[in-house]
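Have a look at the structure below, then the notes.
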Amino acid sequence: MRSFTYIRSPGNLSSKEKDIEKHMEVIENKLWLGDLSVEDLMQEFGSPLYVYEEDTIRAQYRRLYESFPGVSLQIHYAMKANPNPALLKILLDEGAWLDAVSPFETKLAREVGFLPEHILFTGNNIPLSELEYGLEEGLLINIESLSLLEEFGKAHPGKELSLRINPGMGSGHHAHCITGGPRSKFGIYYDQLDEIHEILTRYQLKLTGIHAHIGTGILEPEPMLEALDMILTITHQFSGLQFVDIGGGFGIPYRPEQSLLNLPELGAQISRKFLQFCDAYGTSLDLKIEPGRYLMASSGTLLATVNNIKKTPDYQFVGVDTGFNHLLRPALYGSYHRVCNASRMEGDEESMVLAGYICESGDVLTHNSEGMTTQFFPRPRLGDRLAILDAGAYGMAMSSQYNMRNRPAEVLVTQGKARLIRKRETYQDLIRGFVF
Ligand SMILES: Cc1ncc(COP(=O)(O)O)c(C=O)c1O
């Protein structure tokens, strides 16, 4: 018998929550992803396992694209969120451009088929040589420091570039995720516009765009709109531009009680302000955005197997065959990822700590901003499969081989069919670089 339950908010879906389409069902008390049972997926591909759903990625892309009426919009996917080529191909097919931060990211993007002029290269604290690599490859160059701008101008007068500006404010779900304001290392601070003008004039550099990215995991429109006003004020100080790039940061509701970012409303407000700005500026500019999390997070699920269950006077620990080596966000930011017992979705829920298999006390997947915490889910038995939701962005991308643990395989589910898109690492993969 099939019962269809939406996992994020069982039994009680608001129309807003329906907006993120996750193809998850509960069938005979077990979790299915994209028409495939978690158990079958793990039997076929092993444990632990990252699973992505293609339809979710496409739906999120289209939702974003349709939210900015009337503007010439370019969506640069922030490939740092998840650079798997199979996922990049989906976004290429949808018409995405890219935000890349390192030469190897751009190399991979080119191999996948992205055009160089569709890749905005925004490194942080990079040497001139990386910008020169970008120039040779024909990428869009985005510079984020005065000293690098000076060096670049001296070596390559007359070239085109855009500038990353710190608009003096930031926002994000954790201090580490705020990328604007006086405590941020990113961009040229907005009070240094005179210096920028001097350098641009001295080396006859052609400024094509203004870029800013204030943070990530933003669920309220206000900080984005406030930053937009600031960015547009700054943009007005420069003539002859082709685009304004307002970065990424669009959040998704990880917690069941969180609401979706009201994207249609935010997009409409951004578009209105931007079109008014273009009128005042006297030219119709392109608007760029750089979403990472919004496109990828909800498409991905990390699946793991229960190895251990133990009790202390304070907690009940469930030990699994994954950890912060595969999903760092909880340990790094205190981030929440909903945990489901995929082997018994309904049952008496108990308060449990989900602990990883890495030899560190901090290797816990149920964290909050204060540290370790618990989540309620049906008490597992050894061998049960657990699903850690919304792990598609900054999950596998931030993974490591700590404790000489290999990275999991990755699988893409498309219309009820799963295919391997990254092999599970082997011992040979782990030791490849060692010189014995
Ligand atoms: C310059 C830049 N653009 C875009 C992004 C993507 O942010 P998000 O995943 O929140 O959309 C980042 C993330 O760090 C970034 O540094």
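Letter by letter, the sequence shown follows residues 465 to 900 of my numbering. In this text, a Cβ means the ideal position worked out from N, Cα and C, and glycines have one as well.
N- and C-terminal bounds of the beta strand (DSSP E) containing M488: Within the sequence shown, numbered from 1, the residue matching residue 488 stands at position 24. It spans 488-491 - the beta strand (DSSP E) in which M488 sits, taken as one unbroken run.
Original post:
Would the C-beta of I793 count as close to ligand 1, meaning under 6 Å from any of its heavy atoms?
Top reply: Counting from one through the sequence shown, the residue named residue 793 turns up at place 329. Just to set this straight, residue 793 is Arg in the shown sequence, not Ile. For R793, the distance from the CB to the nearest heavy atom of ligand 1 is not below 6 Å.
*Is F840 buried or exposed, if buried means 16 or more other CB atoms sit within 10 Å of its CB?*
Residue 840 sits at position 376 when you count from the first residue of the sequence shown. It counts as exposed.
- Query: Would the C-beta of P567 count as close to ligand 1, meaning under 6 Å from any of its heavy atoms?
  - Reply: Locating residue 567 in the sequence shown gives position 103, where the first residue counts as 1. Checking every heavy atom of ligand 1 against the Cβ of P567, none is found closer than 6 Å.
| query | Going straight from the alpha carbon of G426 to that of P755, what length do you get? | reply | Given that the chain is displayed from residue 465 to residue 900, the structure contains no residue 426 and the question cannot be resolved.
task: Count the other CB atoms, across all protein chains shown, that sit within 10 Å of the CB of K670; report buried if there are 16 or more and exposed otherwise.
output: Working through the sequence shown from its first residue, we reach residue 670 at position 206. With fewer than 16 other Cβ atoms from the protein chains shown falling within 10 Å of its own Cβ, K670 counts as exposed.
*asked:* Which complete beta strand (DSSP E) runs does the region 833-870 hold, if anything under 3 residues is left out?
replied: Qualifying beta strand (DSSP E) stretches, in chain order: 839-842, 849-852.
When the cut-off is 7 Å and only beta carbons count, does T697 lie next to chain C? Reference to chain C is not applicable here, since this structure consists of a single protein chain.
task = Assign D785 to one of three DSSP states: helix, strand, or coil.
result = By 1-based counting over the sequence shown, the position of residue 785 is 321. DSSP places D785 in coil when its eight states are reduced to three.
Item to complete: Name the residue from S536, V565, T747, Y858 whose alpha carbon lies nearest to the alpha carbon of I699.
Response: The residue you call residue 699 lines up with position 235 of the sequence shown. Checking the displayed sequence, the identity of residue 699 turns out to be Thr instead of Ile. In terms of CA proximity to T699, T747 leads the group S536, V565, T747, Y858.
8 Å Cβ shell around L767 - same chain, five flanking residues per side excluded | Counted from its first residue, the sequence shown places residue 767 at position 303. Answer for L767: V502, L505, M506, S511, P512, L513, Y514, V515, A806, R849, L850, A851, I852, listed in chain order.
Q) So what does DSSP say about S531, is it helix, strand or coil? A) The residue given as residue 531 occupies position 67 in the sequence shown. Coil.
Practice item. Sort T837, G826, L829, G811 by Cα distance to K494 and report the nearest one. Key: By one-based count along the sequence shown, residue 494 stands at place 30. Distances from the CA of K494 to each of T837, G826, L829, G811 were compared; the closest alpha carbon is that of G811.
Residues near I773 by beta carbon distance below 6 Å, same chain, minus five either side: Mapped onto the sequence shown, residue 773 falls at position 309. V782, listed in sequence order.
Any chance the region 871-888 sits against the region 825-839, with 3 or more Cβ pairs inside 8 Å?
As far as the Cβ criterion goes, the region 871-888 does not touch the region 825-839, which means the pair count is below three.
Use the C-beta contact count for I695: other C-beta atoms within 10 angstroms, 16 or more gives buried, fewer gives exposed. In the sequence shown, counting from the first residue as 1, residue 695 sits at position 231. Buried, by the Cβ-count rule.
Q. Distance, Cα to Cα, L796 vs F898?
A. For the purposes of this step, residue 796 is identified with residue 332 of the sequence shown, where counting begins at 1. For the purposes of this step, residue 898 is identified with residue 434 of the sequence shown, where counting begins at 1. If I take the Cα positions, the gap works out to 28 Å.
Do you know offhand how far L595's Cα is from E518's?
The sequence position of residue 595 within the sequence shown is 131, counting from 1. The sequence position of residue 518 within the sequence shown is 54, counting from 1. One C-alpha to the other measures close to 33 Å.
Ordered along the chain, which non-local residues of its own chain (more than five positions away) have a Cβ less than 6 Å from that of Y653? Here residue 653 refers to the residue found at position 189 of the sequence shown. Only N630 meet the Cβ criterion.
Original post:
Can you tell which of E530, T697, V770 has its C-alpha closest to the C-alpha of K737?
Top reply: Taking the sequence shown and counting its residues from 1, the one referred to as residue 737 is at position 273. Looking at the Cα atoms, T697 is the closest of the given residues.
- Task: Spatial neighbours of R466 within its chain, please: CB distance less than 6 Å, with the 5 preceding and 5 following residues excluded, ordered by chain position.
- Result: On the sequence shown, residue 466 is found 2 positions in, with the first residue counted as 1. In this predicted model, R466 has a pLDDT of only 34, less than 50, meaning its place in the structure is not dependable enough to derive any value.
| query | Which runs of the beta strand (DSSP E) spanning at least 3 residues fall entirely within the region 503-584, listed in chain order? | reply | The qualifying runs are 513-517, 536-542, 561-564.
### Task
May I ask you to verify whether the region 619-629 touches the region 675-687, counting CB pairs closer than 8 Å and requiring at least 3?
Yes: at least three Cβ pairs fall under 8 Å.
Requested in this report: State yes or no: is the C-beta of Y525 within less than 7 Å of the C-beta of E558?
Outcome: To locate residue 525, count along the sequence shown from 1; it is residue 61. To locate residue 558, count along the sequence shown from 1; it is residue 94. Yes, Cβ-Cβ distance for Y525 and E558 is below 7 Å.
In three-state terms, what does DSSP make of D441?
The first residue shown for the chain is 465 and the last is 900, placing residue 441 beyond what the model contains.
Excluding the 5 residues flanking L555 on each side, which residues of the same chain have their C-beta closer than 6 Å to its C-beta?
On the sequence shown, position 91 is the one that residue 555 refers to. These residues qualify, in order along the chain: Y541.
| message | If I measure Cβ to Cβ from E921 and keep anything under 6 Å in the same chain, skipping five residues before and after, which residues do I get? | response | What the structure shows of the chain is the stretch from 465 to 900, and residue 921 is not part of that stretch, so it cannot be assessed.
To the nearest whole angstrom, what separates the beta carbons of A545 and M760, a pair I think is in contact under 8 Å? As a working note, residue 545 is residue 81 in the sequence shown. As a working note, residue 760 is residue 296 in the sequence shown. So it is a contact: roughly 5 Å between Cβ atoms.
- Task: Keeping to the same chain, check which residues put their C-beta closer than 6 Å to that of Y821; ignore five residues upstream and five downstream.
- Result: On the sequence shown, position 357 is the one that residue 821 refers to. Cβ neighbours of Y821 beyond the five flanking positions: D785, G787.
G764 CB to nearest heavy atom of ligand 1 below 6 Å:
The residue you call residue 764 lines up with position 300 of the sequence shown. False, no ligand heavy atom lies under 6 Å from that Cβ.
Practice task
With DSSP as the reference, label C823 as helix, strand or coil.
Solution key: Numbered from 1 along the sequence shown, position 359 holds the residue referred to as residue 823. C823 sits in coil when the DSSP states are folded into three classes, being neither helix nor strand.
Using only the heavy atoms of ligand 1, determine whether one of them is closer than 6 Å to the beta carbon of G645. Walking along the sequence shown from the start, residue 645 turns up at place 181. Incorrect: G645 has no Cβ contact closer than 6 Å to ligand 1.
>> Just verifying my parser: in three-state terms, what is the DSSP assignment at D750?
In response: Position 286 of the sequence shown holds residue 750. In this structure, D750 counts as strand in the three-state DSSP scheme.
Review point. Going by DSSP, which residues form a beta bridge with V803?
Key: For the purposes of this step, residue 803 is identified with residue 339 of the sequence shown, where counting begins at 1. Partner(s): I852.
message = Along the chain, where does the beta strand (DSSP E) containing T672 start, and where does it finish?
response = In the sequence shown, the residue the question calls residue 672 occupies position 208. Residues 670-675.
Completely contained alpha helix (DSSP H) runs for the region 712-751, where each covers 4 or more residues: As far as the region 712-751 is concerned, its whole alpha helix (DSSP H) runs of at least 4 residues are 727-745.
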